Amino acid sequence: MSGQAVLTCRGLEIAPGGRTLLSGLDINLRPGELVGLRGPSGSGKTSLLRVVCGLDDPAAGEIALRGTTPGVMGWPRFRRLVSLVAQEPLLPAGTIGAALARPFGFRACRDAVFDPARARAALAEVFVDPPGLDRDAGVLSVGERQRIALARALLLDAQVLLLDEPTSALDPAAASRVEDAVRRRAAAAGQAALIVSHDPAQTERWCDRVVDLAAHAGGRP
Numbered sequence: 599m600s601g602q603a604v605l606t607c608r609g610l611e612i613a614p615g616g617r618t619l620l621s622g623l624d625i626n627l628r629p630g631e632l633v634g635l636r637g638p639s640g641s642g643k644t645s646l647l648r649v650v651c652g653l654d655d656p657a658a659g660e661i662a663l664r665g666t667t668p669g670v671m672g673w674p675r676f677r678r679l680v681s682l683v684a685q686e687p688l689l690p691a692g693t694i695g696a697a698l699a700r701p702f703g704f705r706a707c708r709d710a711v712f713d714p715a716r717a718r719a720a721l722a723e724v725f726v727d728p729p730g731l732d733r734d735a736g737v738l739s740v741g742e743r744q745r746i747a748l749a750r751a752l753l754l755d756a757q758v759l760l761l762d763e764p765t766s767a768l769d770p771a772a773a774s775r776v777e778d779a780v781r782r783r784a785a786a787a788g789q790a791a792l793i794v795s796h797d798p799a800q801t802e803r804w805c806d807r808v809v810d811l812a813a814h815a816g817g818r819p
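Heads up: take any position in the sequence shown, counting from 1, add 598, and you land on my numbering.
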């Protein structure tokens, strides 16, 4: 893990609804690095991920991908390369294949083409028993939707994964499969990740290092 930081956060202040949860937060994410976020419920972990991917605005601070801010790069491309996998992802109506293919119709993905074979391979990375592309996405469990959302991020070759409790609805075997998939991508392709988990043992096992948000809580730099 060396070279230029793939993701840089400088002086971030997170204040949803005007209430400051975090301030003075600096994070450097190197290629291939898996970084856990530690903090009690309500400390701003999910809010931080939403700010980093551009769903919400920071009250202060700057975010850059390989030294380029989203304003210069353009938010659509930034969101393709910095991908949030929510704890309870929403998928469009239709099949799993359609859900995986949908981002390829967006302007930010105009240089990429959806490949069903690659889609099946991405599903096989994160599922012990991968579903078919023709399966109805509307009947999937939360745990299945989590893995579909992760497979979609892998398929888009996101440079940074923002994983919000990505195994919270999975049994140990399925969770281990997800951990291994993210770790392999980090080693092989240099994908980095910010990971939120309610399980401290998982964070210590899975992540290269952990950022304790307590030092930045409630406006304390």
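Ideal placement from N, C-alpha and C gives every residue a C-beta, glycine not left out. Computed from a predicted model, the values in this text were never measured in an experiment.
Within this structure, are the beta carbons of residue i and residue j separated by less than 8 angstroms?
i           : j           : result
residue 668 : residue 706 : no
residue 790 : residue 628 : yes
residue 764 : residue 744 : yes
residue 650 : residue 680 : yes
Please identify the residue among the options whose C-alpha is closest to the C-alpha of residue i.
i           : options               : result
residue 749 : 619, 736, 728 and 651 : 728
residue 803 : 809, 702, 777 and 713 : 777
residue 639 : 800, 796 and 814      : 796
residue 788 : 758, 766 and 767      : 758
residue 767 : 794, 721 and 685      : 685
residue 704 : 725, 676, 657 and 764 : 676
residue 756 : 695, 622 and 702      : 702
residue 616 : 637, 720, 709 and 654 : 654
residue 632 : 726, 720, 695 and 761 : 761
residue 626 : 620, 614, 610 and 618 : 610
Would DSSP call residue i helix, strand or coil?
i           : result
residue 675 : helix
residue 806 : coil
residue 751 : helix
residue 819 : Annotation note: pLDDT 44 at residue 819 (below 50); position unreliable, coordinate value reported separately. Correct three-state label for residue 819: coil.
residue 736 : helix
For residue i, would you say it is in contact with chain D, using Cβ-to-Cβ distances shorter than 8 angstroms as the test?
i           : result
residue 735 : No chain D appears in this structure, which consists of one protein chain only.
If we require 3 or more residues per run, which beta strand (DSSP E) segments fall completely within the segment 601 to 650?
605 to 612, 620 to 627 and 632 to 636
Report yes or no: do three or more beta-carbon pairs, one from the segment 603 to 612 and one from the segment 653 to 669, lie closer than 8 angstroms?
yes
The segment 732 to 747 contacting the segment 688 to 700, beta-carbon criterion three pairs below 8 angstroms
yes
Can you confirm whether the segment 641 to 654 touches the segment 806 to 813 when touching is taken to mean that 3 or more C-beta pairs between the two stretches lie within less than 8 angstroms?
yes
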